[in-house]
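The sequence shown begins at 1174 in the numbering used here and counts up by one.
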Amino acid sequence: GFSLEEINQFSTSSLITRSTNDITQVQMVTIILLRLAVTAPITAIRAILKITNIDITLTMPVIYGVIAVVVMISLIFIFVTPKFKVMQALNDELNLVTRENLTGLRVVRAHNAEGYEQSKFEKTNTKLTGVNLFVNRAMQMMMPGMQLVMNSVSLAVTWVGASLIFRNQLGSNPIEGIGIQSQFAIYGFQILFSFMMLTMLFIMVPRGAVSGRRIYEVLSTVPKIKDIDNPKPIPKDMATTITFDNVCFKYPGANECVLENISFEAKEGETVAFIGSTGSGKSTIINLIPRFYDVTSGEIRINGINIKDVKQSDLLDMIGYVPQKGLLFSGTVESNLKLGKTLATEDQLNEALEISQSKNFVSRLEAGLQSEVAQGGKNFSGGQRQRLCIARAIVKDPKIYIFDDSFSALDYNTDRALRSALKVKTDHAINFIVAQRIGTILNADRIIVLDKGRAVGIGTHKTLLENNQVYQEMAYSQLSKEELLDATK
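Listed below in structure tokens is the structure:
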């Protein structure tokens, strides 16, 4: 599957459009091709063979009519085809604006910004409407044009045929001439009607071709993060270790590294915390462990093996990931908890709920574990979503836990109770914690202080508080000296 790099390359809204609207366009074109692309040419060729044996003079109006149709289609094709690409791009943009408005509805209303967001939507929608009107008007001109050509050809065939009959140049007698003229008119109509059907193809094919290219762009994109041909197994008969060896990373297209020369080792049973100002690279570091991105230089090793040399599925099986923004999927509480371990027992689910401090509010739900979860977990509060995400990771019982600022929506008492219960449950695993609050990581075995992508301090809370200026500034800005001294005892 795609890594975050490829997903960011296309954008979520564009991928949605390509996997829905674009596929529908290709399906429609395929159906029309199967229906018309065979019958129309056969009908036209048969009729052409018939009229060429009748009279060249009668054939000329049909030839001119075909030329007129081809010229008309070509002109419309030239002007309309570029607009199809613009139309699909505007569909992407409209999907993006709509998605932002729906997901950020509370923020929009809280800032009384409905008017601003509506103007953004209307601006994009007006552009799309304008392009659609241009395309549809151009296409609508085609059918009257076809009717004009067909009627003109019919009139010309009748006039030329009548002239030939009057001069006794069509058939051996007037009766036979009228029969030949009628036969010719029918074949001429079949030729033009076949071209009219082909015109329908030309209406749909350009848009389908644009959609096909957009789909092909996605299908032909090779994921940069993928398994090597002969991946190595991760040794399971040893204590789990994660080693960062002089790791540097920069985002695709960026000129500067957001992480530079990061080196440390985390062992089974240890809690390693990352702290730093906004943009210091905390979340970026932990996104490298499950290979959401690959390092630019250096190595990350699991049990002594470069994570690029092992199967991604084997690596992810060992990781329980709790994102910064608690994300739940539509379904039930149970289905969300079983996401990483489908065969989990009810006892395991209840244990995870107990540890994550979710037991109380889940038990109050009318259906308990079978209670419905709305899309994105919108029927739960932010703190409840975070706790259920933590419970989901606990159910998986992995060797490596990653908590990406996963305690930020919890109150102090809940945070403290959860971390106390979590410490007992996860003492067999490596725990990586990203935090903004010093209080969350006071008891970590190792705290890595990040500043502008560099590790400016590594140690326990006590040693960093004594020796690291960056950590001291953050600590004293959040807690009093008495609270910090108590934590070092």
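A virtual CB, placed ideally from N, CA and C, is assigned to each residue, including glycine.
Excluding the 5 residues preceding and the 5 following aspartate 1467 in the sequence, name in chain order all residues of the same chain whose CB lies nearer than 6 Å to its CB.
Result list for aspartate 1467: Ile1398, in chain order.
Nearest-angstrom Cα distance between valine 1253 and valine 1304?
10 Å
Relative to the alpha-carbon of leucine 1374, which residue among Thr1193, Lys1481, Ile1204 and Ser1653 has its alpha-carbon at the smallest distance?
Looking at Thr1193, Lys1481, Ile1204 and Ser1653, the one whose alpha-carbon comes closest to that of leucine 1374 is Ile1204.
Can you look up alanine 1439 in the DSSP assignment and give me helix, strand or coil?
strand
Give the secondary structure of isoleucine 1359 by DSSP, where H, G and I count as helix, E and B as strand, and everything else as coil.
helix
State the Cα-Cα distance for the pair leucine 1595 and lysine 1256, rounded to the nearest angstrom.
57 Å
How far does the beta strand (DSSP E) with threonine 1394 in it extend, from its first residue to its last?
No beta strand (DSSP E) contains threonine 1394, which DSSP labels as neither H nor E.
Where does proline 1234 land, buried or exposed, given buried means 16+ other C-beta within 10 angstroms?
buried
In the DSSP output, which residue or residues are listed as bridge partners for asparagine 1479?
DSSP lists Arg1474 as the bridge partner or partners of asparagine 1479.
What does the alpha-carbon distance come out to for the pair leucine 1365 and isoleucine 1251?
22 Å
Mapping the DSSP letters down to three states, classify isoleucine 1620 as helix, strand or coil.
strand
Going by other Cβ atoms of all chains shown within 10 Å of its Cβ, with 16 needed for buried, is arginine 1386 buried or exposed?
exposed
Can you tell me whether methionine 1260 is buried or exposed? The criterion is at least 16 other CB atoms within 10 Å of its CB, across all chains shown.
Answer is buried; the Cβ neighbour count reaches 16.
When we look at the beta-carbon of glycine 1449 and count the other beta-carbons within 10 Å, is it buried (16 or more) or exposed?
Looking at its Cβ environment, which holds 16 or more other Cβ atoms inside 10 Å, glycine 1449 is buried.
Let's see if you can read the secondary structure: which residues bound the alpha helix (DSSP H) around tyrosine 1644?
1642-1651
Verify whether the separation of the beta carbon atoms of serine 1581 and arginine 1560 is less than 9 Å.
no
Just confirm the distance between the C-beta atoms of glycine 1702 and glutamate 1433, as a whole number of angstroms; I'd bet it's less than 8 Å.
Since the first residue of the chain shown is 1174 and the last is 1662, residue 1702 is not available in this structure.
Tell me, please, whether the stretch 1562-1581 touches the stretch 1492-1503 by the rule of three or more beta-carbon pairs shorter than 8 Å.
yes
Is the beta carbon of glycine 1350 closer than 9 Å to that of isoleucine 1224?
Taking 9 Å as the Cβ cut-off, isoleucine 1224 and glycine 1350 do not qualify as a contacting pair.
Write down the C-beta distance between asparagine 1268 and threonine 1190 rounded to the nearest angstrom, noting that I regard them as a contact closer than 8 Å.
5 Å
Which one or two residues does DSSP pair with lysine 1405 in a beta bridge?
Val1483
Just the Cα atoms here: how many angstroms apart are phenylalanine 1447 and serine 1650?
So the two alpha carbons sit approximately 17 Å from each other.
For the stretch 1415-1428 and the stretch 1467-1479, state whether three or more C-beta atom pairs, one from each stretch, are separated by less than 8 Å.
yes
Taking just the CA atoms, how far does glycine 1556 sit from lysine 1511?
20 Å
What three-state label does DSSP hand cysteine 1430 in the structure shown?
Cysteine 1430: coil per DSSP, three-state reduction.
With H, G and I counted as helix, E and B as strand and the rest as coil, what does DSSP make of valine 1468?
Valine 1468 carries a coil assignment under DSSP once its states are collapsed to helix, strand and coil.
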